[in-house]
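Here's the structure, in structure tokens; my notes come after.
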Ligand SMILES: *Cc1c(COP(=O)(O)O)cnc(C)c1O
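Numbering (the numbering used here), first residue to last: 2 to 420.
Here it is, written out as structure tokens:
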């Protein structure tokens, strides 16, 4: 048997069984990991297409292999849609994911040993913004800013003082566990003053920016990088947007600087996701994500939980559980058993270790994609409180039954669960 035309059920039932199990898991659970979402059926279809068979090193009109009759218009379409959606001069949809997109920025703008400045990982930043275990903190000098202990927010005066003292060549804004708005104009001004390039990593909030529920960094930054799979609801991938003046250098940094052939099947999925994100319904989605996150934060605070920075402006909520006497990991594991999926997370100035931190991080993108609203958010927080107050197996099992009743009423996009 050479397998060419057999369905997965015949060729590899073991893998199919895992796919079906994962579908069920995603349908039955309340998924609150703020970097995750559900893609539409159309995005799944495009991502699973025959574009996975093609090699297309280079850019449209300048490829190294033949047969680009349909890849060129596909990639150009994705770029055009990105430019229109985000109001950018130029877009590159080839980065394999968010981290490679960020590496391209270093490769285009810096030399090894130059200085980068970003939000520290334990303060809500990303590894690739100069954290010491990342290549970006090893091959470059790195200085890191934080958030204020009393407010949980970035203090622009501190950022400006540090930038003036350290004079980095590259300044990053953006994070993975920061729930407040960024003043992109002020950050750009700081970068300009010290002669740094200004890069914004909007991986978490790209969908909110697309939907008009978050200020856009595009007019202020030299380059904006993003993942395509978080609030933007595309397939796993990366992208950057930039001014025309930087397009050639940044394109060259992606290919041939860092990558070989782009993942054309991902490009197909990204194109579809960008189309979906330009529809009026997506604007409503983005607003609802922010509304739902605000309800979660308010309900948690009403129950005595310490929400870092006292709330949220975006899709995510960071909770310091110290006063509740339950470590983040214990809470996350108990909640997972109850069918509520989030992640344990360090909080700013955490006294516990990163692998056993004081906090949890959660968000509203995936539950909002299922059409859940404020009523469901309140119910979810009530269940979270029940589990964290009593993480016993009997209690988590009771909550899990109620969770499945709720998720059964809100179909998961892209997933039709059969029997
Ligand atoms: C998720 C994320 C990334 C990394 O994306 P990957 O696709 O996991 O490489 C980079 N920066 C920020 C701010 C992120 O949130």
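Beta carbons are placed, not taken as given, at the ideal position from N, Cα and C, and that holds for glycine. A quick note: this is a predicted structure, and the numbers were derived from the prediction, not measured.
With contact counted as at least three CB pairs below 8 Å, one residue from each stretch, are the segment 300-319 and the segment 327-342 in contact?
Fewer than three pairs of CB atoms, one per stretch, sit closer than 8 Å, so the segment 300-319 makes no contact with the segment 327-342.
Identify the residues that DSSP records as bridge partners of residue 173: which are they?
200
Verify the contact flag: residue 125, CB atom, against every heavy atom of ligand 1, threshold strictly below 7 Å.
no
Which residues bound the beta strand (DSSP E) around residue 360?
360-364
In chain order, what residues of the same chain lie with their CB nearer than 8 Å to the CB of residue 146, ignoring the 5 residues before and after it?
The answer, listed in chain order, is 118, 119, 120, 121, 124, 155, 159, 160, 163.
Report buried or exposed for residue 31, applying the criterion of at least 16 other Cβ atoms within 10 angstroms of its Cβ.
buried
Please classify residue 363: is it buried, with 16 or more other beta-carbons within 10 angstroms of its beta-carbon, or exposed?
buried
Anticipated Cβ contact below 8 Å, residue 134 with residue 168, distance rounded
In this structure residue 134 is not in contact with residue 168, their Cβ atoms being roughly 24 Å apart against a cut-off of 8 Å.
With a cut-off of 8 Å on the beta carbons, I'd call residue 72 and residue 273 a contact; round off their distance for me.
Going by Cβ atoms, the distance from residue 72 to residue 273 rounds to 15 Å, so no, they are not a contact pair.
Does DSSP classify residue 115 as helix, strand or coil?
coil
Span separating the alpha-carbon of residue 101 from that of residue 399
43 Å
Can residue 314 be considered in contact with ligand 1, in the sense that its beta carbon sits closer than 7 Å to one or more heavy atoms?
no
For the beta strand (DSSP E) holding residue 44, just list the boundary residues, first then last.
Where residue 44 is concerned, there is no enclosing beta strand (DSSP E), although the alpha helix (DSSP H) it sits in stretches over 42-48.
For the alpha helix (DSSP H) holding residue 93, just list the boundary residues, first then last.
No alpha helix (DSSP H) contains residue 93, which is instead part of the beta strand (DSSP E) from 91-93.
Check: residue 202 C-beta below 7 Å from any heavy atom of ligand 1:
yes
State the Cα-Cα distance for the pair residue 209 and residue 80, rounded to the nearest angstrom.
Straight through space, the alpha carbons of residue 80 and residue 209 are spaced by roughly 19 Å.
Excluding the 5 residues flanking residue 214 on each side, which residues of the same chain have their C-beta closer than 6 Å to its C-beta?
Sequence-distant partners of residue 214 (beyond 5 residues in either direction) whose C-beta falls short of 6 Å from its own C-beta, in its chain, are 287, 288, 291.
Let me check understanding here. Comparing Cα to Cα, which of 47, 148, 327, 21 lies closest to residue 350?
148
Just to confirm before moving on: does the CB-CB distance between residue 437 and residue 324 stay below 8 Å?
Because the chain here runs from 2 to 420, residue 437 falls outside it and cannot be looked at.
Cβ shell of residue 413 (< 7 Å), same chain only, five flanking positions each side left out:
27, 28, 39, 371
Kindly examine ligand 3 and report whether one of its heavy atoms sits closer than 7 Å to the Cβ of residue 98.
Absence of ligand 3 from the depicted structure is noted, with ligand 1 being the only ligands included.
Let me know if residue 3 comes out buried or exposed under the rule of 16 or more other beta-carbons within 10 Å of its beta-carbon.
exposed
How far does the beta strand (DSSP E) with residue 209 in it extend, from its first residue to its last?
Careful: residue 209 lies outside any beta strand (DSSP E), inside the alpha helix (DSSP H) at 207-211.
Assigned secondary structure, residue 369 (DSSP; H/G/I helix, E/B strand, else coil)
Residue state, collapsed to three classes: helix.
Hey, does residue 28 have any beta-carbon neighbour from chain B nearer than 8 Å?
Looking for chain B here will not work: only one protein chain is present.
Leaving aside the five residues before and after residue 46 along the sequence, list all residues of the same chain whose C-beta is less than 7 Å from its C-beta, in chain order.
none
Taking all protein chains shown into account, do 16 or more other C-beta atoms lie within 10 angstroms of the C-beta of residue 356, making it buried, or fewer, making it exposed?
exposed
Cβ neighbours of residue 68 in the same chain (closer than 8 Å, five flanking residues each side left out)
55
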